[in-house]
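As they're listed, the protein sequences go chains L and G.
Quick note: to get the numbering used here, add 4 to the position in the first sequence (first position is 1).
Quick note: to get the numbering used here, add 4 to the position in the second sequence (first position is 1).
Each remark here refers to the structure printed beneath this line.
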Amino acid sequence: MKAAAFAYARATSVVNALELLAAHGDRAKVLSGGQSLMPAMNLRLLSPDILVDIGGLAELRGIAVSGRALVVGALTRHVDLLRSPEIALHAPLLRDAVAHVAHPAIRNRGTIGGSLAHADPASELPACVVALDATIVVRGPAGERRIAATEFFRGIYETALSSDELLVAVEMPVAGHDASFFFQEFARRHGDYAVVGLAARAVVAAGRFSDLRLGFFAVGDRPLLASAAGKLIDAPVTPALLAEATTALADELDPQEDQQASPAMRRHLAGVLLRRCVAALLARPELEAGATR
Amino acid sequence: MSAPVPVSLLVNGEPIDGLVLPRLNLADFLRENLKLTGTHVGCEHGVCGACTVRIDGEIVRSCLMLTIQAQGTSVETIEGLSDNGEIADLQAAFRERNALQCGYCTPGMLMTAQDLLKHPSVPDRQTIREHLSGNYCRCTGYQAIVDAVEATARKRAERRA
């Protein structure tokens, strides 16, 4: 199908975009890369009165390191994340995740800000920013607001953004030299939406986790920072402890049923990913064994 | 509301000025307004890849882009790449290997394959499959398409050597 009729405004600056959003409120949608918005409009799931196109705002582009923070502009595209030496060095989790996002032609247009603001619970980047303990930087009529990624996602396609605010950047701590990362997802085919996925950041010292953040996606209405990780921190990880953590994970998940998977299947696959993740990060392949049973 | 807006862009090197409704996507602009019907429209939500074109040298889905978003850009379609001979060898390989039947996916396949073949290294079959994974073909079962892309990559590498 084709999108329903709408008016179009090309924002000339962030200030101008905010004025347009203030004037049109809920009747406006922000257009960046359009790789989620356009399908929704073509399918007539959305029909905004006006699109505010921020695609030309150079001030929202780019990746920079400022002190201990990596700052990624909202209009940074998936392909930019994939190719950026700064991302490879300071947030390799994002690079690993983007390789699973759709296909090259989509990654050439889709943006990190668009993906986060869209908040599809099955998409990769929201779980990554939760795992990376990122801060979402938002600008509105009253100025700038900084929202922890763990507080930003509120439900399916729901975030802490209000209709007169614009997501302008994502900030995350640069990876320490002792940090390690894990990204894997189950999908019907590579590039499809995940059935279940896991984005993780860890610090391993002397064979133990001194930090472990597990960002699961497609297991509920928003990305989940799993509390079960706590069981594995500062403890010798035995198969018994890992089994205990896997049970705790299954208890805290609230997966949806859809045509791809039942809740039971999603709980099972999340456990498989947890074991693979722990085995990989601790370089102890025997811990994954439970995955095949 | 939703009045026509002016747009200026290059299409296959030719300057185009138009007046379009905001809702007109780039695929429909190319097909309906410019009669460049080589760009095909399949799913209209970014899944099938039949509408793939190049904007400023990068492949995109023209069904997921508004015409007005192409303001000031350089758009290249299958007509452009065919006429200038850029993909003559790839087209010959498709013909030789029977890498098409109905032909609906072929323009998008060629655009996407050429995007991979622009890189100097010879891709393995897994890389070819991965790069073409966003383009659906309902006739061939893909084997022949991967064969044709692989054969073209080898021939180009030989020519460079």
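From the three backbone atoms N, C-alpha and C, an ideal C-beta is built for every residue, glycine too.
- Query: In terms of residues, what are the limits of the beta strand (DSSP E) holding D21 (chain G)?
  - Reply: Against the second sequence, residue 21 (chain G) aligns to sequence position 17. From DSSP, the beta strand (DSSP E) with D21 (chain G) extends over E18 to V24.
- Taking the CB atoms as reference points, tell me whether V45 (chain G) and I59 (chain G) lie closer together than 7 Å. Taking the second sequence and counting its residues from 1, the one referred to as residue 45 (chain G) is at position 41. Taking the second sequence and counting its residues from 1, the one referred to as residue 59 (chain G) is at position 55. Not closer than 7 Å, so no.
- Excluding the five sequence neighbours on either side, which residues of its own chain have a C-beta within less than 7 Å of the C-beta of L165 (chain L), listed in chain order? For the purposes of this step, residue 165 (chain L) is identified with residue 161 of the first sequence, where counting begins at 1. Same-chain partners within the cutoff: A121, V142 and L171.
- Query: Do you know offhand how far F221 (chain L)'s Cα is from F190 (chain L)'s?
  - Reply: Here residue 221 (chain L) is taken as the residue at index 217 of the first sequence, counted from 1. Here residue 190 (chain L) is taken as the residue at index 186 of the first sequence, counted from 1. Linking F221 (chain L) to F190 (chain L) through their CA atoms gives a straight-line distance of about 11 Å.
- Along chain C, in chain order, which residues have C-beta atoms closer than 7 Å to that of L30 (chain G)? Among the protein chains of the structure shown, namely L and G, there is no chain C.
- Give a single yes or no on whether Q105 (chain G) has its beta carbon closer than 6 Å to a heavy atom of the ligand MG. This structure does not include the ligand MG; it has no bound ligands of any sort.
- Message: With DSSP as the reference, identify every bridge partner of L170 (chain L), one or two as the case may be.
- Response: The residue given as residue 170 (chain L) occupies position 166 in the first sequence. BP columns for L170 (chain L) point to L:R143.
- Item | chain G contact residues for R193 (chain L), given Cβ-Cβ distances below 8 Å | Mapped onto the first sequence, residue 193 (chain L) falls at position 189. Simply S137.
- Message: So, for E162 (chain L): in the same chain, excluding its five sequence neighbours on each side, which residues have a beta-carbon less than 7 Å away from its beta-carbon?
- Response: One-based indexing of the first sequence puts residue 162 (chain L) at position 158. Its chain contains A123 as the residues whose beta carbon lies nearer than 7 Å to that of E162 (chain L), once the 5 sequence neighbours on both sides are disregarded; these appear in chain order.
- Query: Within the 7 Å Cβ cut-off, does E48 (chain G) reach chain L?
  - Reply: In the second sequence, counting from the first residue as 1, residue 48 (chain G) sits at position 44. It does: the Cβ of E48 (chain G) has a partner Cβ on chain L nearer than 7 Å.
- Cα-Cα separation between G132 (chain G) and E154 (chain G), rounded to whole angstroms: For this step, residue 132 (chain G) is matched to residue 128 along the second sequence. For this step, residue 154 (chain G) is matched to residue 150 along the second sequence. According to the sequence as given, residue 132 (chain G) is Ile; it is not Gly. Those two C-alpha atoms are separated by around 8 Å.
- Task: Taking C-beta pairs closer than 8 Å, name the residues in chain L that L25 (chain G) reaches, listed in chain order.
- Result: The count along the second sequence starts at 1 and reaches residue 25 (chain G) at position 21. Chain L residues near L25 (chain G): A9.
- Ordered along the chain, which non-local residues of its own chain (more than five positions away) have a Cβ less than 7 Å from that of A295 (chain L)? In the first sequence, counting from the first residue as 1, residue 295 (chain L) sits at position 291. Caution applies to A295 (chain L), whose pLDDT of 46 falls short of 50 and renders its modelled position unreliable; the value that the coordinates give is listed next. Result list for A295 (chain L): V276, R279 and R280, in chain order.
- Query: Among G:L13, G:T43 and G:V64, which residue has its Cα nearest to the Cα of G114 (chain L)?
  - Reply: What you label residue 114 (chain L) is simply residue 110 of the first sequence in a count that begins at 1. Looking at the Cα atoms, G:V64 is the closest of the given residues.
- Message: Taking the beta strand (DSSP E) that V276 (chain L) belongs to, which residues open and close that run?
- Response: In the first sequence, counting from the first residue as 1, residue 276 (chain L) sits at position 272. Taken as a continuous stretch (DSSP letters only), V276 (chain L) belongs to no beta strand (DSSP E), being part of the alpha helix (DSSP H) at P267 to L285.
- Task: Give the straight-line distance between the Cα atoms of E292 (chain L) and A274 (chain L), rounded to the nearest whole angstrom.
- Result: Here residue 292 (chain L) corresponds to residue number 288 of the first sequence, with the count starting at 1. Here residue 274 (chain L) corresponds to residue number 270 of the first sequence, with the count starting at 1. Cα to Cα, the separation comes out at about 13 Å.
- Item | Cβ-based burial, Q105 (chain G) [other Cβ within 10 Å; buried from 16] | Within the second sequence, residue 105 (chain G) is the residue found at index 101, counting from 1. Flag for Q105 (chain G) reads exposed.
- Message: So A53 (chain G) contacts chain L; which residues on that side make the cut at Cβ distance below 9 Å?
- Response: The sequence position of residue 53 (chain G) within the second sequence is 49, counting from 1. Position check: residue 53 (chain G) holds Gly in this sequence, whereas Ala was assumed. Here the neighbours are H107 and A109.
- Message: Can you confirm whether M42 (chain L), when its beta carbon is compared against all beta carbons of chain G, has any partner nearer than 7 Å?
- Response: Residue numbering aside, residue 42 (chain L) sits at position 38 when the first sequence is read from its first letter. Yes - at least one Cβ of chain G is within 7 Å of the one on M42 (chain L).
- Message: Would H82 (chain L) and G195 (chain L) be called neighbours here (beta carbons separated by less than 7 Å)?
- Response: In the first sequence, counting from the first residue as 1, residue 82 (chain L) sits at position 78. In the first sequence, counting from the first residue as 1, residue 195 (chain L) sits at position 191. No, these two residues do not count as a Cβ contact at 7 Å.
- Which listed residue (G:K39, G:T156 and G:R101) has its alpha carbon closest to that of K122 (chain G): Indexing the second sequence from 1 puts residue 122 (chain G) at position 118. For K122 (chain G), the closest C-alpha among the options G:K39, G:T156 and G:R101 is that of G:T156.
- Query: What residue from L:S88, L:L229, L:E90 and L:V75 has the CA that sits closest to G117 (chain L)'s CA?
  - Reply: The sequence position of residue 117 (chain L) within the first sequence is 113, counting from 1. Answer by Cα proximity: L:V75.
- Query: For A92 (chain G), is the classification buried or exposed, using 16 other Cβ atoms within 10 angstroms of its Cβ as the cut-off for buried?
  - Reply: As a first step, residue 92 (chain G) must be located in the second sequence, where it is residue number 88. So A92 (chain G) ends up on the exposed side.
- At least three beta-carbon pairs within less than 8 Å, the segment 41–50 of chain L to the segment 21–28 of chain L: No: the two stretches stay apart, fewer than three of their Cβ pairs being nearer than 8 Å.
- Interface flag, I2 (chain G) vs chain L, CB-CB below 7 Å: In the structure displayed, chain G extends from 5 to 165; residue 2 (chain G) sits before or after that span and is not available.
- Give a yes or no on whether the minimum CB-CB distance between L47 (chain L) and chain G is below 7 Å. Position 43 of the first sequence, counted from the first residue, corresponds to residue 47 (chain L). So yes, L47 (chain L) belongs to the interface.
- Message: For a quick check, are the C-beta atoms of V11 (chain G) and V24 (chain G) less than 7 Å apart?
- Response: As a working note, residue 11 (chain G) is residue 7 in the second sequence. As a working note, residue 24 (chain G) is residue 20 in the second sequence. Yes, the pair counts as a contact, with Cβ atoms nearer than the cut-off.
- In terms of alpha-carbon separation, which member of L:R226, L:A252 and L:A204 lies closest to V282 (chain L)? Taking the first residue of the first sequence as 1, we reach residue 282 (chain L) at position 278. Measuring from the Cα of V282 (chain L), the nearest candidate turns out to be L:A204.
- Inter-residue CB distance, R9 (chain L) and L24 (chain L) (contact presumed, cutoff 8 Å): Counted from its first residue, the first sequence places residue 9 (chain L) at position 5. Counted from its first residue, the first sequence places residue 24 (chain L) at position 20. A small correction: the amino acid at residue 9 (chain L) is Ala; Arg does not occupy that position in the sequence shown. About 18 Å separates the CB atoms of A9 (chain L) and L24 (chain L); that is not less than 8 Å, and the two are not in contact.
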